[in-house]
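Residue numbering for the sequence shown follows our numbering, beginning at 72 and increasing consecutively. Structure first, then comments.
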Amino acid sequence: MALTTDKKRFTFTDQEGEIVASCTLHSADIGTYQRCMEVLKYFQGNPAEGVETLEQYSAFNGAIEAKVCYILGYDARSELFGRIAAAAVLPDGRPFLRVVLDAISQELNRAELERRQKRMEAVGKYTAKYQ
C-alpha cells in the first residue's frame, strides 16, 4: 500500500548553485513537531556560552547536529552537515544551523496551517446541515 505523506526535501545550494546540503522532513508526522518543541528549549538558552576552545567548538557542533537529526527523525549528518558544519557562520553572519532551523520551522508552520484548514473544512461539512 502506498501512502501519501507530506514529505519535504530541502536542498541548500551555494552561490554557484552547487548543492552543499540536503535533508528530508516529514511535516505530517506530529512527532516532528513534538521533537522540535523539545529542542527549542535547548536553543532558547545560550548553548554556545563558554565555547572557547576548538575541542569545545567541535563538541558543541556535534551536539547541535545531533539535535537537528533528532528533529528530523533520522541521522542526516552526512547529507546535511557533511560539507558544512551546523555551527559554521555563513558570509551573511548567520550560522548554517539558523538557516536549517528556519527552513524546518517554515515548513512545519505551513503544514500546520494546511492541516487546520482541512480540519475546518471537514467540520464545516458536518455542521453545515445543522445550521
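Where is the CB? At the ideal position from N, CA and C, for every residue including glycine.
Item: Ile-90 burial status per 10 Å Cβ neighbour count (16 or more: buried); Value: exposed
Item: Buried or exposed (CB count within 10 angstroms, at least 16 for buried), Glu-123; Value: exposed
Item: Validate contact between the region 177-190 and the region 103-116 using beta carbons, cut 8 Å, 3 pairs; Value: yes
Item: Length of the line joining the Cα atoms of Gln-152 and Glu-178; Value: In the sequence on display, residue 152 carries Phe and not Gln. One C-alpha to the other measures close to 19 Å.
Item: Beta-carbon gap between Ser-98 and Asp-77 smaller than 8 Å; Value: yes
Item: Buried or exposed by the 16-neighbour rule on C-beta atoms within 10 Å, applied to Asn-132; Value: buried
Item: Pairwise C-alpha distance: Thr-198 and Glu-136; Value: 46 Å
Item: CB of Phe-83 within 8 Å of CB of Val-170, strictly; Value: yes
Item: Nonlocal neighbours in the same chain, by C-beta distance under 8 Å from Cys-107, ignoring five residues either side; Value: Ile-142, Ile-175, Ser-176, Leu-179
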